[in-house]
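The number in my numbering is simply the position in the sequence shown, starting from 1, with 1 added. First comes the structure, then the notes that go with it.
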Amino acid sequence: PEEFHVNRSGSMVDVPLVVLVNGGSASASEILAGAIQYHGRGKLVGVTTFGKGSVQSTHTLTDGSSLRVTIAKWILPGGRILDGDGLEPDVPVEISPEQAAAGEDPQLDRAIEVLLESTR
């Protein structure tokens, strides 16, 4: 398998960072969030992610149906595979359907608080 490594000496390593996550966070977005969390680069705020640890390729068959085949697994730094087991946020914050309908976003509000706390 190919390995990709990140160099932490980039110009933005001291900027406070939070990542909003929820059950809709899946696949590549989970890998990015998981790498940020694993390396202690930022905090995840929200609820547990989806846990999609695989990459699929879709093949159309001659009868018009299709077949989806897993061709790769996403592996986080440290070797963790997400398949069926999402990331737990560092700062858990639920949002209810009522809050969403009212235009309230306690997850975003808490993420902003976490950022402000980290700059004090």
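Just so it is clear, CB atoms sit at the ideal spot from N, CA and C, and this is done for glycine as well. These figures come from a predicted structure and were not determined experimentally.
*Among Lys-44, Gly-35, Leu-68 and Gly-43, the one whose alpha carbon lies nearest that of Lys-126*: Look at the range of the chain in this structure, 2 to 121, and you will see that residue 126 is not part of it.
Beta-bridge pairing of Pro-93 - partner residues as DSSP gives them: In DSSP, Pro-93 forms a bridge with Gly-47.
- Message: Contact between the region 45–60 and the region 73–93 is defined here as three or more beta-carbon pairs at a separation below 8 Å; is this criterion met?
- Response: In this structure the region 45–60 touches the region 73–93; the number of beta carbon pairs closer than 8 Å is three or more.
(message) Which residue wins for smallest C-alpha separation from Pro-78, given the options Asp-91, His-40 and Glu-89?
(response) The shortest C-alpha separation from Pro-78 is found at His-40.
Quick check: the Cα distance between Lys-44 and Leu-21, rounded to an integer number of angstroms? Roughly 9 Å between the two C-alpha positions.
Alpha carbons only, please: which of Ala-103, Asn-23 and Ser-66 is nearest the one belonging to Glu-89? The shortest C-alpha separation from Glu-89 is found at Asn-23.
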